[in-house]
Amino acid sequence: MTLRRGQHGRGRREILIPTQALILRLRIELQESDPLVWREIEVPGDYTFWDLHVAIQDAMGWLDYHLHRFTIPHPRTKQERVFGIHNLSQDCDDPPGWAYQIASMFTLRNDTALYLYDFGDDWQHTVRLVDAMRRDFKLHYPRCVGGERACPPEDCGGIHAFGAIVAGLAARKLDKETRAWLPRGYDPARFEPSAVRFSDPARRLAYSWYGDAEAGDDPFGELFGE
């Protein structure tokens with residue numbers, strides 16, 4: 000993969016990093032969240048869009064209950080490409096994300112994708128390539144290197160309903176029914192990057208109903224406390 004470094008200043012130059020030695024730093028922002036909910040993660044360059052989906056889910060704090068979709072321009076043709084889950088029974092015939100590497104689409108000049116999670120609540124995320132670097136083999140990837148504020152609760156109704164929950168909590172005027180529905184101890188201001196634990200995307204795919212392989216255990220158990 001050829002990367003243009005120094006894009007924000009002088010001395011721009013091209014370097015070639017083998018995909019296996021490439022690390023991409025990505026910033027994920029939940030659109031329309033106020034205050035902004037965001038994360039920065041570092042992932043291997045040979046990750047697929049499925050692998051990236053799992054990393055975003057874990058870093059954000061989503062529980063992977065719903066369908067998802069990536070949209071990104073092709074770096075050469077600029078034609079919009081879509082990757083997600085190919086499952087006709089769910090009216091979703093997107094090309095499977097596990098068949099395409101993210102390094103084939105993300106470049107320092109083609110640096111932004113849209114990640115949609117939950118076609119009902121319509122959680123829109125901007126995914127932007129912040130930097131590309133050589134892998135530090137002393138570190139374990141993926142890893143979360145930054146972020147602020149908690150992820151919205153699953154199935155809370157979308158960004159505007161989430162905003163109402165945040166405002167209600169801040170004003171101590173949230174109705175009892177909604178307060179009882181929220182996860183115990185939920186604090187929209189709380190996020191600690193070091194607390195993020197990343198799942199194995201291969202195990203997640205193997206267990207999930209849209210995977211082709213069989214799995215001997217449940218990789219979702221750690222998420223749901225089982």
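Numbered by numbering that gives the first Met the number 0, the letters in the sequence shown go through residues 0 to 225 in order.
Even glycine gets a Cβ: it sits at the ideal position worked out from N, Cα and C.
For clarity, every value in this text was computed on a predicted model and none was experimentally measured.
Cβ-based burial, residue i [other Cβ within 10 Å; buried from 16]
| i | result |
| --- | --- |
| Gln56 | buried |
| Arg80 | buried |
| Leu128 | buried |
| Ser32 | buried |
| Leu15 | exposed |
| Phe136 | exposed |
| Asp50 | buried |
| Arg148 | buried |
| Pro182 | exposed |
| Arg110 | Per the sequence presented here, residue 110 reads as Asp, with Arg not at that position. With 16 or more other Cβ atoms within 10 Å, it is buried. |
| Gly146 | buried |
| Ala58 | buried |
| Leu138 | exposed |
Beta-carbon gap between residue i and residue j smaller than 7 Å
| i | j | result |
| --- | --- | --- |
| Tyr116 | Pro43 | no |
| His52 | Gly96 | yes |
| Cys150 | Gly60 | yes |
| Phe48 | Tyr99 | yes |
| Glu41 | Arg26 | no |
| Asp199 | Gly157 | no |
| Tyr46 | Ile101 | yes |
| Ala112 | Ile71 | yes |
CB contact below 7 Å: residue i versus chain D
| i | result |
| --- | --- |
| Pro151 | Looking for chain D here will not work: only one protein chain is present. |
Contacting residues, own chain, Cβ-Cβ under 7 Å from residue i (five flanking each side not counted)
| i | result |
| --- | --- |
| Phe161 | Pro151 and Cys155 |
| Glu28 | Leu35, Trp37, His124 and Thr125 |
| Pro192 | Cys143, Val144, Gly145 and Gly146 |
| Gln30 | Gln123, His124 and Thr125 |
Residues near residue i in its chain [Cβ-Cβ closer than 6 Å; skip 5 each side]
| i | result |
| --- | --- |
| Pro94 | Phe82 |
| Thr106 | Pro74 |
| Arg134 | Ala20 and Ile22 |
8 Å CB neighbourhood of residue i in its chain, flanking five on each side removed
| i | result |
| --- | --- |
| Ala179 | none |
Heavy atom of the ligand NAP within 6 Å of residue i beta-carbon
| i | result |
| --- | --- |
| Asp130 | By its list of ligands, the structure shown contains no ligand whatsoever, and the ligand NAP lies outside what it can speak to. |
Check your understanding: Is the stretch 62 to 73 close to the stretch 19 to 28, with three or more CB pairs under 8 Å?
Key -> no
Review point. Which ranges does the alpha helix (DSSP H) cover as unbroken runs of at least 4 residues, wholly within the stretch 45 to 95, from first to last along the chain?
Key: 48 to 59
**Study point:** Complete runs of the beta strand (DSSP E) confined to the stretch 87 to 138 [at least 3 residues]
**Key:** 111 to 116 and 122 to 133
Practice item. Tell me the start and end of each unbroken beta strand (DSSP E) in the stretch 152 to 215 that is at least 3 residues and wholly inside, in chain order. Key: none
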